[in-house]
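Trainee:
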Amino acid sequence: MATIKDVAKAAGVGTGTVSRALSGKGYVDSEKKKQIIKIAEQLEYDPSALLKRKNNKKVKSGLIGVVLPNSSQPFFGSFLWHVEQALEMHEYRTVIINVGGSSKKISDAIDLVDKHMLDGLIINADVDKSDIERLRLIPAVSFECEMGEGIPLVASDHIKGGELAAKLLFRCGCKNVAILSIKATAPVYARRRITECQRLLKKKGVKVTIVEHEGGSEEFHVMEEKINEYLNTHSEVDGIFTEDVEAYFCLVQAKKRGISIPRDLKIVGYDGNEITRLVSPQVTTIAQNTKKLAETCVDVLNKRISGLDTEDRYFVPVKIRMGGTT
Numbered sequence: 079m080a081t082i083k084d085v086a087k088a089a090g091v092g093t094g095t096v097s098r099a100l101s102g103k104g105y106v107d108s109e110k111k112k113q114i115i116k117i118a119e120q121l122e123y124d125p126s127a128l129l130k131r132k133n134n135k136k137v138k139s140g141l142i143g144v145v146l147p148n149s150s151q152p153f154f155g156s157f158l159w160h161v162e163q164a165l166e167m168h169e170y171r172t173v174i175i176n177v178g179g180s181s182k183k184i185s186d187a188i189d190l191v192d193k194h195m196l197d198g199l200i201i202n203a204d205v206d207k208s209d210i211e212r213l214r215l216i217p218a219v220s221f222e223c224e225m226g227e228g229i230p231l232v233a234s235d236h237i238k239g240g241e242l243a244a245k246l247l248f249r250c251g252c253k254n255v256a257i258l259s260i261k262a263t264a265p266v267y268a269r270r271r272i273t274e275c276q277r278l279l280k281k282k283g284v285k286v287t288i289v290e291h292e293g294g295s296e297e298f299h300v301m302e303e304k305i306n307e308y309l310n311t312h313s314e315v316d317g318i319f320t321e322d323v324e325a326y327f328c329l330v331q332a333k334k335r336g337i338s339i340p341r342d343l344k345i346v347g348y349d350g351n352e353i354t355r356l357v358s359p360q361v362t363t364i365a366q367n368t369k370k371l372a373e374t375c376v377d378v379l380n381k382r383i384s385g386l387d388t389e390d391r392y393f394v395p396v397k398i399r400m401g402g403t404t
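My numbering numbers the first residue of the sequence shown as 79 and each following residue consecutively.
1. Distance check for leucine 231 and valine 161, CA to CA, integer angstroms please.
2. Once the 5 residues before and after lysine 135 are set aside, which same chain residues still bring their CB inside 6 Å of it?
3. Just curious, the alpha helix (DSSP H) that leucine 343 is in, first and last residue?
4. Out of Gly228, Asn351, Pro340, state which residue places its alpha-carbon closest to the alpha-carbon of valine 378.
5. For glycine 239, name the three-state secondary structure that DSSP assigns.
6. CB-CB under 6 Å to leucine 128, same chain, minus the five flanking residues each way: which ones, in chain order?
7. Three or more beta-carbon pairs under 8 Å between the stretch 351 to 362 and the stretch 157 to 174, yes or no?
8. I'd like the list of long-range same chain contacts for alanine 86, defined as Cβ closer than 8 Å, with 5 residues on each side in sequence excluded.
9. CA-CA distance, methionine 301 and phenylalanine 327?
10. Apart from the five residues on each side of it in sequence, which residues of its chain come closer than 7 Å, Cβ to Cβ, to histidine 291?
11. Identify whether valine 191 lies in helix, strand or coil by the three-state DSSP scheme.
12. Considering only residues of the stretch 309 to 378, which uninterrupted alpha helix (DSSP H) runs meet the minimum length of 4 residues and lie entirely inside it, listed in chain order?
13. Taking C-beta to C-beta, are valine 205 and cysteine 375 nearer than 7 Å?
14. Can you tell me the Cβ-Cβ gap for valine 346 and leucine 246, rounded? I've got them flagged as a contact below 8 Å.
15. Once DSSP output is grouped into helix, strand and coil, what is the label at valine 284?
16. Measure the Cβ-Cβ separation of phenylalanine 319 and alanine 243 and say whether it is below 7 Å.
17. Would you mind reading off the limits of the beta strand (DSSP E) that contains glycine 198?
18. Going by beta-carbon coordinates alone, are arginine 399 and threonine 363 separated by less than 7 Å?
19. For glycine 239, collect the residues of the same chain with a Cβ closer than 7 Å to its Cβ; drop the 5 residues on either side in sequence, then sort them by chain order.
20. How close, in whole Å, do the beta carbons of lysine 183 and isoleucine 175 come, if the pair is a contact with beta carbons under 8 Å?
21. By the 10 Å Cβ neighbour count, where 16 or more other Cβ atoms means buried, how is valine 330 classified, buried or exposed?
22. Please tell me whether alanine 203 and glycine 143 are closer than 7 Å, where the distance is taken between their beta carbons.
23. Given isoleucine 337, which residues of its chain have a CB within under 6 Å of its CB, disregarding the five upstream and five downstream residues?
24. Asparagine 254 and lysine 285 - do their beta-carbons sit closer together than 7 Å?
25. Grab the span of the alpha helix (DSSP H) containing isoleucine 114 for me, first residue to last.
26. For valine 154, which residues from the same chain have a beta carbon less than 6 Å from its beta carbon, with the 5 sequence-adjacent residues on both sides left out?
27. Inspect the beta-carbon positions of isoleucine 82 and arginine 269 and report whether they are closer than 7 Å.
28. Quick one: what's histidine 291 bridged to in DSSP?
See the structure below:
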């Protein structure tokens, strides 16, 4: 069965051009468009998986691909577990696709839907523009990554998350706050928590420093070393806002230095992972509802598979889970 790559190769163009020609969205030279349509017909390529499902022309595979950068990370692991439970309720099985930074693995995952080996994708990844065009033609839901029109976004209410963190740190008397973060390689909605926390704290006259580092799939000992280096050179910081795993290591390293928590240093995590409960004092964190996020992704994807209309964005509330670090 032909895929969009086959059509693109035969026409001597990119997959993005094929996508625009067949969908009618975006400019393609009229003669080239006719050529692409003719080749697609000759290869019997049908780009509309949704239309096939509406007309019951396709037997479902019963499989959904979940594309993640690294499912071994605590947050993604929790999300994935709940996705599997939700998919089972819809009589689907889960295919886990860890892509790391591989654009080829992402493209291959889309191919599997094109070839009807998967019925749809739930995807959190840095996707090339040409593959975003392809995602618009298949049942797909983006988890956290903003991919534009035609691909529904499911995310936590990170603006509220940033607000909660800022108000808590200010209420605790912080004057010099560091926001530690992994440098984003894709337009991730979660960045809103950082910008909102920074905005509100600066408005209150609090000094805020955003500290970004490369990576995202490092081993934990590498992450701990980076935290160690930062605390060695920034003893003036009295508040830290970061993801849960990093918050955990901040607490561990602070205790090694004899820093009194929370008297001398306040720490607020983000995600709500169980790791925040495994240390004393427990880490205060802004908890995401991974169960609700997973269920929303599955519900929206099921609508896409069924050819039903969906909204552009779905946001899930967050909440503070108090510990002993604030």
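Note that CB positions come from ideal geometry on N, CA and C, so glycine has one too.
Mentor: Let's see:
1. Taking the CA atoms as reference points, valine 161 sits about 16 Å from leucine 231.
2. With a pLDDT of 47 at lysine 135, under the threshold of 50, the predicted position of this residue should be treated as unreliable, and no value is reported.
3. It is not in any alpha helix (DSSP H) - leucine 343 carries neither H nor E in the DSSP assignment.
4. Comparing alpha carbon positions, the residue from Gly228, Asn351, Pro340 closest to valine 378 is Gly228.
5. In the displayed model, glycine 239 falls within a helix according to three-state DSSP.
6. Unreliable placement is indicated for leucine 128, whose pLDDT of 40 sits below 50; the coordinate value is still reported in the next sentence. So the list reads Gly385, once near-sequence residues are dropped.
7. Result no; under three Cβ-Cβ pairs closer than 8 Å.
8. The beta carbon of alanine 86 is closer than 8 Å to those of Gly92, Thr93, Thr95, Val96 in its chain, skipping five residues each way along the sequence.
9. Whole-angstrom Cα-Cα distance: 8 Å.
10. These residues qualify, in order along the chain: Ile260, Lys261, Lys304.
11. Three-state DSSP puts valine 191 in a helix.
12. Here the runs fully enclosed are 322 to 334.
13. It is not a contact, given that the beta carbons lie outside the stated cut-off.
14. Between the beta-carbon of valine 346 and that of leucine 246 there is about 6 Å, and that keeps the pair under the 8 Å contact cut.
15. Coil.
16. Judged by their CB atoms, phenylalanine 319 and alanine 243 are nearer to each other than the 7 Å cut-off.
17. Element bounds for glycine 198: 198 to 201.
18. For arginine 399 and threonine 363, yes; Cβs fall inside 7 Å.
19. For glycine 239, where only same-chain residues beyond five positions count, the Cβ hits under 7 Å are Arg271, Tyr348, Ile364, Val396.
20. Indeed they touch by this definition, with Cβ atoms about 7 Å apart.
21. The residue in question, valine 330, is exposed, as its Cβ has fewer than 16 Cβ neighbours within 10 Å.
22. Taking 7 Å as the Cβ cut-off, alanine 203 and glycine 143 do not qualify as a contacting pair.
23. Closer than 6 Å at Cβ, skipping near neighbours: Leu343.
24. If you check the CB distance, lysine 285 and asparagine 254 come in under 7 Å.
25. Note, isoleucine 114: alpha helix (DSSP H), 108 to 120.
26. What sits at residue 154 in the sequence shown is phenylalanine, not valine. Excluding positions up to five away in sequence, the list reads Leu146.
27. In this structure, arginine 269 does not lie closer than 7 Å to isoleucine 82 by Cβ.
28. By DSSP's assignment, histidine 291 forms a beta bridge with Ile260.
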